[in-house]
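Read the structure below first, then the notes.
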Amino acid sequence: MNPTCSRSRTRTAVVVLATIATAVALLGALPTPAAEAARAAAPGKAKHVRLVQPTVSGDRAGLTVKWNRAKRARTYRVRWSTSATMAGAQATSTRGRSVVLRNLAQGVTYCAQVRAKAGKQKGPWSRPVCRTTPRLDPVGAPWVSGQVVQGTAPSTVAVTFSWPRVAGATGYQVDYAPGTGSVQSNRKKKTVKADISGSRTVRGLTPGGTYCFQVRALSKWGTGLRSTTGCRLLTRAERTAPPRAFALDFATWNVCSTMCSKPSWAKRQVAVRDRILRMNADVVAVQEAIAATPYLTANLGGYTRGCQVGDGTTAQGNTVGRQALYVRTSTYRVVPGTNQGIIFSQVGDVYPSHGACWVEVQDIRTGQHVVVASVHLVHPIGAKYDKGRDRQTLQLLAAIAQRYAGKPMPPVALAGDFNSHRQRAYDGPRVRLEANGYRDSFDVAARFLTPSYRNSAHGWATTPLVTPRTGNHLDRVFTSAGIHAASWRIDEPMTADGRYYAGLLSDHSPVITSLRIPY
């Protein structure tokens, strides 16, 4: 072996080993990734944090949190709360620079903060920014405020839907469908848009058909909740306005002058009289009027008593005057000798105190005649009493028919407390009267001047009793064939927040219909 070559290889190996040792030492001196992150500067503060893009959807609201990029940030933590101290805050993380906050309450102030993160390093929280979510209240119960028959063979009905206006709404969506089931699942559902006026007319609906409808508010933020469902049995084609007619404004009111003692009739009588005068009706039918009849007869200026229960009959106990009827002398004249009355037969254990009276009156302007009546049927609920009301209705029809046996009967309008409505298991009065050509003015009125879902009997409650789908009205005005009901309304003053004023005058509100009687 050459000694010189051996020494050269040895020196080379030593150099290589020294180089490797130096490299290892240098590598050992470098920081680990964790150590490097620990020594890195913390991320900066998220700036220009803001809450933008308010939205509503149904009964919930939304806001979007946005911010500018923070130095050295890799991710961000966002938290929000209804408190500026961020108590009870919810939080989420994101790599972006915005977060959409959903499912927030409407009309509530929310605060948000953002901080940047870089690994385990956390930047400072931003200053809280706060904003109130938009509020878009649900639409109150809608109703049909108008129904007008249009055309012939076939006729259709133009229906006007109305509803309470909602603050912040820029318009409304109206959904309607035939039948009484769900509007939204009905394949025949139609949708129309409406402006901010709170009403919308649609055309081409079927006379005598039932339609249900819902309304929801539209706004710059989104769409609100749908209203409760309203329904309406539409007018029939034969009850259109006649080409020639005389007018009769007919009011009916159960004044509860004896059975209702708190407050007593003595404390209410003057106010009841004044309300009747303000109603400005041509004919006023009163029920439960034993105490009211003598007072009104003596004190209702401009009116004369047309009839009372007991007229033409043998009085039984305290039945005289339970039902009575008053006629405005400036517009109608009572036809002498036509006042009649009937005391209905007993139903179950209810004393035979219910009855009716009627009289023929003459329109002074045209000389035309009409029979008007004040009616009160038995009151308890149940199958036995449903049948009792059926029998009492037949008694009334037979008694009036007997009065006009062998001679033409004028048009007839029967007003009163029928103690029955369409939601009863059997609405006997309506069934019997419809079979004889009568119609409930509530079913066929062309206009509704007050919401039709508000019940006429309220039981002294200042919060109105409502039946959103139809309205349950014990107080009704039935009219014979051909009479047109131009309008229907409940006469009960209300406060700005939709309540009746304290100091109600009865457990029922007056119902007034404006009739057009052909001649």
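Take the sequence shown: its letters are residues -34 to -1, 1 to 485, numbered as in mature numbering (1 follows the signal peptide of the UniProt record, and there is no 0).
Yeah, the Cβ is synthetic: ideal placement off N, Cα and C, and Gly gets one too.
Could you check how far apart the C-beta atoms of Ser319 and Arg288 are, in whole angstroms? I think they sit under 8 angstroms.
-> 6 angstroms
Rounded distance between the beta-carbons of Ala55 and Arg45, thought under 8 angstroms = 4 angstroms
Can you give me the start and stop residues for the beta strand (DSSP E) that Val275 sits inside?
-> Run containing Val275: none; DSSP gives neither H nor E here.
With respect to the beta strand (DSSP E) encompassing Asn34, which residues constitute its N-terminal and C-terminal limits?
-> 26 to 34
Secondary structure of Trp454, DSSP reduced to three states = strand
When you compare only the Cα positions, how much space is there between Ala423 and Pro94?
-> 54 angstroms
Mind checking whether Ser185 and Ala135 have CB atoms under 7 angstroms apart?
-> yes
When the Cα of Cys178 is compared with those of Ala213, Val18, Lys155, which residue comes out closest?
-> Lys155
Count the C-beta pairs between the region 117 to 126 and the region 85 to 105 that are closer than 8 angstroms, then say yes if the count reaches three, no if not.
-> no
Alpha carbon to alpha carbon, how far is Val344 from Asn385?
-> 7 angstroms
Provide the residue span of the beta strand (DSSP E) that contains residue 488, from first to last.
-> Since the first residue shown for the chain is -34 and the last is 485, residue 488 is missing from the structure and cannot be characterised.
With distances taken from CA atoms, which of Trp231, Arg61, Arg182 is nearest Arg192?
-> Arg182
What number of angstroms, rounded off, separates the C-alpha of Gly425 from the C-alpha of Cys222?
-> 11 angstroms
Residue span of the beta strand (DSSP E) that contains Asn265, given as start and end = That residue, Asn265, is in no beta strand (DSSP E); its alpha helix (DSSP H) goes 258 to 265.
Cβ pair Phe414, Thr332 closer than 7 angstroms = no
If you scan the region 348 to 420 from start to end, which runs of the alpha helix (DSSP H) of 4 or more residues do you find wholly inside it?
-> 349 to 369, 394 to 401, 407 to 410
Rounded to whole angstroms, how far is the Cβ of Val338 from the Cβ of Ala379, which I believe are closer than 8 angstroms?
-> 5 angstroms
Report the three-state DSSP secondary structure of Ile308 (helix, strand or coil).
-> strand
Which residues in the same chain have their Cβ closer than 6 angstroms to the Cβ of Ala251, if we skip the five residues on either side of it in sequence?
-> Thr218, Leu291, Ser340, Ala381, Gly382
In the structure shown, what three-state DSSP assignment does Asp141 receive?
-> strand
Take every Cβ of the region 386 to 405, pair it with every Cβ of the region 435 to 450, and state whether three or more of those distances are shorter than 8 angstroms.
-> yes
Pick from Arg396, Tyr392, Gly73: whose alpha carbon is nearest that of Ile347?
-> Tyr392
In angstroms, rounded to a whole number, what distance separates the CA positions of Trp231 and Val123?
-> 44 angstroms
Given Pro229 as reference, the closest of Ile309, Gly268, Ser472, Arg271 once Cα atoms are compared | Ser472
Contiguous beta strand (DSSP E) assignments of at least 3 residues, all confined to the region 222 to 254 = 249 to 253
Reduced DSSP secondary structure (H/G/I, E/B, other) of Ala4 = Any reading at Ala4 must be qualified, since the residue scores a pLDDT of 47, below 50, and its modelled position is unreliable; the value itself is stated next. Helix.
Give the DSSP-derived three-state secondary structure of Ala39 in the structure shown.
-> coil
Taking all protein chains shown into account, do 16 or more other C-beta atoms lie within 10 angstroms of the C-beta of Arg153, making it buried, or fewer, making it exposed?
-> exposed
Among Pro376, Met375, Gly174, Pro395, nearest to Thr359 - alpha-carbon criterion | Pro395
According to the neighbour-count rule (16 or more other Cβ atoms, all chains shown, within 10 Å of its Cβ), is Asn305 buried or exposed?
-> buried
Quick one: what's got a C-beta closer than 7 angstroms to Thr206's C-beta in the same chain, skipping five residues either side?
-> Val115, His450
By DSSP, does Ala217 sit in helix, in strand, or in coil?
-> strand
Boundaries (first-last residue) of the beta strand (DSSP E) holding Asn152 = Careful: Asn152 lies outside any beta strand (DSSP E) and carries neither H nor E.
Could you check if Val74 is buried or exposed, using at least 16 other CB atoms within 10 Å of its CB as the buried criterion?
-> exposed
Under 7 angstroms between C-beta atoms of Ala84 and Arg40 | yes
Per DSSP, what kind of secondary structure is Arg166 in: helix, strand or coil?
-> strand
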